[in-house]
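Counting along the sequence shown from 1, when you hit position 83 you're at 83 in full-length UniProt numbering, and nothing is skipped either side.
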Amino acid sequence: MRYLSHYLHRQVHFKKQHLGELADWIMNARPTQAELAGLAITDNDGRERSISLNDVESLGHRYIYLKRNLDECPDLAPAEGQIRLAEHILDKQVVDTRKKKVYRVNDIEVEQEGERFLVRWVDAGLAGLLNRLGLPESLQPKSGKMQRRIAWANVEPLDPDLKSSFEKLSKLHPADIADIVEELGVTQGANLLERLDDETAAETLTEVEPAMQSDIVEEIKPQDAADIIGEMEPDDAADLISDLPQETARQIMNEMESEEKAEVQELLQYLEDSAGGIMNNDYLAVSRRQTVEQVLNKFRADKPEPEVAYNLIVTEGGEKLAGVLSLRDLVVALPQTKIDDLIITDTPTVRPDTPLSEVADLFSKYDLVMLPVTDHARQVLGVITVDDVIELVVPEKWKRSHRKRLI
């Protein structure tokens, strides 16, 4: 096993001629494997050159030997996914995607496999730090608590200079990514969110502690923030916008798509401690005159969010509430069955100014999953889901772990 720290600044020779010293190892990174591609060498005049590993004779214990003079070595061709280990990984923070935590890298372990050199581990433990400081391996602590080796397959670099798409990180549950964002703090957390795709960033931001959400958004450019917030559920987006400074909120709203902006503006008119303040105006509505087959086709086309998918709003004469329909009753019915024959017409409803305490009482009394919000003419304004009610009474960390168990 070879350690990066032992090779940095090691002298580079061609035959007996001193050419310079090692500045960095350069690797081509892939999701599960990283292979050394070349070396960055500072020559005797202080200039840096990057050369291919094919021009290296040996990585010796005292010297690094090249196959030819440094001036004769062609420059290493840039490649997508190229990473400089000392510059981008060593002494930098990375995410261990298996443990879902952030660690600082103390050393990097490379293993030779035939003619190839593979990055196997990064060391984030005390043992790695002691090894880097030169303590002989025989004197290093053997306790597992002192060692924290992370397999490269589980390493996600966080260096902002890397234009990474966070392929490994994006596979985590948004609640786990939110924990990482909170651990990093506002500035680094904002940088991480900006490098995720908009949908993943939106789901993650929703899971971040409310007190930190607005601080993070203020660190993001208005256009990028608008793209992320536009992917959030309208009620979550409205809550976040209302917590922002007025000028920041105005800039972001100006950058939002017109339809998304209208949905958020509609919700912002309601008091925060009322039914209108927590309702979602993005719901799936079907007509009582339709058939099961027609509704299922609409369901497949619209792909509604899970929160509003288990119960459907049934309307008549436009947006007037006729009743609700459970997804279970829909999927077990025959294709040509009329929706009118399946709906529950005596479902409870609330007005947008209904106090939240009354909303919670209705969910508890009737064991509801969804509650329609209507005006005085029974026109549907939005829906409140059980998740919205849980958010009122349950600590954030419990909600997060509960949602993860449901996935």
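Ideal Cβ placement from N, Cα and C applies to all residues, glycine included. Since the structure is predicted, the reported quantities are computational estimates derived from the model, not experimental observations.
Here Gly189 is buried, its C-beta having at least 16 other C-beta atoms within 10 Å.
With respect to the C-alpha of Met1, the residue from Tyr283, Ile26 and Asp107 having the closest C-alpha is Asp107. Checking the DSSP bridge columns, you'll see His18 partnered with His13. Per the Cβ contact rule, the stretch 169–184 is not in contact with the stretch 145–155 (fewer than 3 Cβ pairs under 8 Å). Using a Cβ distance threshold of 9 Å, Arg288 and Thr248 do not count as a contacting pair.
According to DSSP, residue pairing for Ala285 in a beta bridge involves Ile313. Arg49 is bridged by DSSP to Ile41. Ranked by Cα distance from Val208, the options Asp227, Gly230, Asp176 and Glu219 are led by Asp176. With contacts defined as CB atoms closer than 9 Å, Glu307 and Glu233 qualify as a contacting pair. For the pair Thr347 and Gly382, the CB atoms are not nearer than the 9 Å cut-off. When secondary structure is reduced to three states using DSSP, Pro372 falls in the strand class.
At a Cβ-Cβ threshold of 9 Å, Ile26 and Ser58 do not count as neighbours.
The shortest C-alpha to C-alpha distance from Ser326 to any of Ile313, Phe166, Ile83 and Gln336 is the one to Ile313. Beyond the five residues adjoining it in sequence on each side, Leu76 comes within less than 7 Å, by CB distance, of Ile26, Ala37, Gly38, Ser50, Ile51 and Ser52 in the same chain, given in chain order. By the beta-carbon neighbour count (other beta carbons within 10 angstroms, threshold 16), Tyr270 is buried. Take the alpha-carbon of Arg328 and the one of Asp302: they are about 18 Å apart.
Straight-line measurement puts the Cα of Asp24 at about 7 Å from the Cα of Glu87.
Cβ-Cβ distances below 7 Å link Leu184 to Val102 and Leu192 in the same chain, with the five nearest sequence neighbours on each side left out; the list follows chain order.
Only residues of its own chain outside the window of five on either side were considered, and among them Thr200, Glu203, Thr204, Thr206 and Glu207 have a CB closer than 8 Å to the CB of Pro174, listed in chain order. For Thr354 and Ala79, the gap between their C-alpha atoms comes out near 59 Å.
Exposed is the label assigned to Val332, since fewer than 16 other Cβ atoms lie within 10 Å of its Cβ. By the neighbour-count criterion, in which 16 or more other beta carbons inside 10 Å mark a residue as buried, Leu240 falls on the buried side.
Just so you know, the alpha carbons of Pro74 and Phe14 end up roughly 15 Å apart. Nearest in C-alpha terms to Asp375, of all of Leu66, Lys67, Met279 and Ile339, is Met279. The DSSP-derived three-state label of Gly189 is helix. Scanning its chain for C-beta atoms nearer than 6 Å, with the 5 sequence neighbours on each side dropped, one finds around Asn154 the residues Asp96, Thr97 and Arg98, in chain order. In the three-state DSSP reduction, Phe117 falls in the strand class (E or B). According to DSSP, residue pairing for Ala34 in a beta bridge involves Ala29 and Val119. If you ignore the 5 residues before and after Glu219, its C-beta comes within less than 7 Å of the C-beta of Val186, Thr187 and Ala190, all in its own chain and listed in chain order. Rounded to the nearest whole angstrom, the CA to CA distance from Leu296 to Pro335 is 9 Å. For Ser326, the enclosing beta strand (DSSP E) stretches over residues Lys320 to Ser326. Rounded to the nearest angstrom, the gap between the Cα atoms of Asp236 and Ser242 is 10 Å.
Remark: C-beta atoms of Val119 and Leu85 approach each other more closely than 9 Å.
Ser164 sits in coil when the DSSP states are folded into three classes, being neither helix nor strand.
Assigned with DSSP and collapsed to three states, Glu156 falls in strand. Cβ-Cβ distances below 7 Å link Glu260 to Gly230 in the same chain, with the five nearest sequence neighbours on each side left out; the list follows chain order.
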